[in-house]
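*Asks:* First to last, the sequence lines map onto chains A and B. Just so we're aligned, residue 13 is where the first sequence starts under the working numbering, counting upward by one. Just so we're aligned, residue 13 is where the second sequence starts under the working numbering, counting upward by one. Glycine included, each C-beta is placed from N, C-alpha and C at the ideal position. Please see the structure below; I have some questions.
There are 2 protein chains.
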Amino acid sequence: MPAQRPSKAKPEIYLPPAPEGHFNPKVPGIDYGVLDGLIGYTVRRAQIVQYEHFVESLASWNITPPRFSALVIISRNPSLKLTELANVLGIARSGAVALINSLEDLGYVVRVPSPTDRRALGLELTPKGEQDLPAIIQAVVAQDQRVAQCLSPQEQQQLVSLLARVAGFQPPQL
Amino acid sequence: MPAQRPSKAKPEIYLPPAPEGHFNPKVPGIDYGVLDGLIGYTVRRAQIVQYEHFVESLASWNITPPRFSALVIISRNPSLKLTELANVLGIARSGAVALINSLEDLGYVVRVPSPTDRRALGLELTPKGEQDLPAIIQAVVAQDQRVAQCLSPQEQQQLVSLLARVAGFQPPQL
DNA sequence: TATTGTTATACTCTATAACTATA
DNA sequence: TATAGTTATAGAGTATAACAATA
Numbered sequence: 013m014p015a016q017r018p019s020k021a022k023p024e025i026y027l028p029p030a031p032e033g034h035f036n037p038k039v040p041g042i043d044y045g046v047l048d049g050l051i052g053y054t055v056r057r058a059q060i061v062q063y064e065h066f067v068e069s070l071a072s073w074n075i076t077p078p079r080f081s082a083l084v085i086i087s088r089n090p091s092l093k094l095t096e097l098a099n100v101l102g103i104a105r106s107g108a109v110a111l112i113n114s115l116e117d118l119g120y121v122v123r124v125p126s127p128t129d130r131r132a133l134g135l136e137l138t139p140k141g142e143q144d145l146p147a148i149i150q151a152v153v154a155q156d157q158r159v160a161q162c163l164s165p166q167e168q169q170q171l172v173s174l175l176a177r178v179a180g181f182q183p184p185q186l
Numbered sequence: 013m014p015a016q017r018p019s020k021a022k023p024e025i026y027l028p029p030a031p032e033g034h035f036n037p038k039v040p041g042i043d044y045g046v047l048d049g050l051i052g053y054t055v056r057r058a059q060i061v062q063y064e065h066f067v068e069s070l071a072s073w074n075i076t077p078p079r080f081s082a083l084v085i086i087s088r089n090p091s092l093k094l095t096e097l098a099n100v101l102g103i104a105r106s107g108a109v110a111l112i113n114s115l116e117d118l119g120y121v122v123r124v125p126s127p128t129d130r131r132a133l134g135l136e137l138t139p140k141g142e143q144d145l146p147a148i149i150q151a152v153v154a155q156d157q158r159v160a161q162c163l164s165p166q167e168q169q170q171l172v173s174l175l176a177r178v179a180g181f182q183p184p185q186l
């Protein structure tokens, strides 16, 4: 059996503190110089704004962006191994352990022993996870649309496509 | 006089560890479900890829994205106060202190007492900072272009414009 | 010998709160 | 009383390295 994790000392679920004020991507009177023209800095600015919106909108669910990504990946890929999840999310295995712990504390995910590999475990949604995920997804899609509503549907699709190419993969077919 | 910071115990300059492998924004065989269509997740994926490229390309300079942003902002806005820098970067003042400390350790920035407000201090580049910044900018622009070379100049401009609107500010005039 | 999940450790980064000096 | 910079503290997040169980 893999090493057991101890009974958690902290039942509280962490949620990042909401900053007093929002990030201002363009402070008046400040000269941003070369930053304004850099793809990287522009992506970063948009990502910060997105992140803040996400955390605020999902605060009542105690769901952060990494938790949401994990939930969706787990739900769409049954019996995913922890190592595979870490790979998909681009984090270390030790980080995935902490992430799964928080989702377990929320009652959304269980570790199921793999029938074929006694070292491994499959990640599955709990009944509560199955029940709540649709509403969570709806809330996330709604906030995503709220942020993107300044763009036409065509522009949104174009943005996704351009970003996908920058990230180095084929844009999704929509 | 503002409280003095103690002589630093660690002269070493931190640089984030290079991950063994690169982040794979689209792992084969994995169903990303709703994530593929979300602006937020797409922005995040691109941002991770960008960040990794940046850190690797600027490793020899010991320059991270936050350090670079701070250097550019300081160089373009003479006598910027620490609190203003924190506001521009969207971080707490305590974080700005640590950031400036690292840039001071690198020999790029100095704290200059403000002539008008004896509480405040102006941030300025050192001669070494003035001397090295152009090459650093050149390296950053080069890596930015390398990541973005899959897009035509027009597409790049479009991406910057779309991201600026999503972030909630007027796109820069190029 | 390699891999899986876990733990231990170390580090940055973030934030809040308290403190000193000055306004 | 408010603000500027600093420090202290605590939290999440990242990572690497080592470990036990299993392949």
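1) Kindly give me the distance between the Cβ atoms of L133/B and P146/B, rounded to whole angstroms, as I take these residues to be in contact under 8 Å.
2) With a threshold of 8 Å on Cβ separation, who are the neighbours of L70/B within its own chain once the five nearest residues in sequence on each side are excluded?
3) Just list the beta strand (DSSP E) runs in the stretch 120-177 of chain B, keeping only unbroken ones of 3 residues or longer that don't cross its boundaries, in chain order.
4) Give me the Cβ distance between I86/B and L163/B, rounded to the nearest whole Å; I'm assuming they're in contact under 8 Å.
5) Name the two residues that bound the continuous alpha helix (DSSP H) containing L101/A.
6) Taking only the alpha-carbon atoms, compute the straight-line gap between N99/A and E64/B and give it to the nearest angstrom.
7) Rounded to a whole number of angstroms, what is the C-alpha to C-alpha distance between F66/A and V84/A?
8) At a CB-CB cut-off below 7 Å, which residues of chain A make contact with D43/B?
9) State the CB to CB distance for the pair A179/B and V61/A, rounded to an integer number of angstroms; the pair is presumed to be in contact (CB under 8 Å).
10) So which residues of chain B does N99/A contact, with C-beta pairs closer than 8 Å?
11) With contact counted as at least three CB pairs below 8 Å, one residue from each stretch, are the stretch 115-122 of chain B and the stretch 136-144 of chain B in contact?
12) Using beta-carbon positions only, say whether N89/A and I42/B come within less than 7 Å of one another.
13) Along chain A, in chain order, which residues have C-beta atoms closer than 7 Å to that of A179/B?
14) In chain A, what lies closer than 9 Å to G141/B by C-beta?
15) Between the Cα of Q127/A and those of V39/A, L92/A, I103/A, spot the shortest distance and give me the residue it belongs to.
*Replies:* If we stick to the structure as given:
1) At roughly 25 Å, the Cβ-Cβ gap does not stay under 8 Å, so L133/B and P146/B are not in contact.
2) Result list for L70/B: T76, F80, I148, A151, V152, Q155, in chain order.
3) Within the stretch 120-177 of chain B, the complete beta strand (DSSP E) runs of at least 3 residues are 121-125, 133-137.
4) Incorrect: roughly 30 Å between the Cβ atoms, too far for contact.
5) Boundaries of the alpha helix (DSSP H) around L101/A: 94-101.
6) If you take the alpha carbons of N99/A and E64/B, they lie about 15 Å apart.
7) Per the coordinates, the alpha-carbon of F66/A lies some 15 Å from the alpha-carbon of V84/A.
8) Residues of chain A whose Cβ lies closer than 7 Å to the Cβ of D43/B are, in chain order, R88, N89.
9) Indeed they touch by this definition, with Cβ atoms about 5 Å apart.
10) Result: N36, V39.
11) Cβ pair count under 8 Å is three or more, so yes.
12) Result yes, Cβ atoms of N89/A and I42/B sit closer than 7 Å.
13) The contacting residues are P37, R57, A58, V61.
14) The contacting residues do not exist; G141/B stays about 14 Å from chain A at best.
15) In the sequence under discussion, the amino acid at residue 127/A is Pro, which differs from the Gln named in the question. Out of V39/A, L92/A, I103/A, L92/A has the C-alpha closest to the C-alpha of P127/A.
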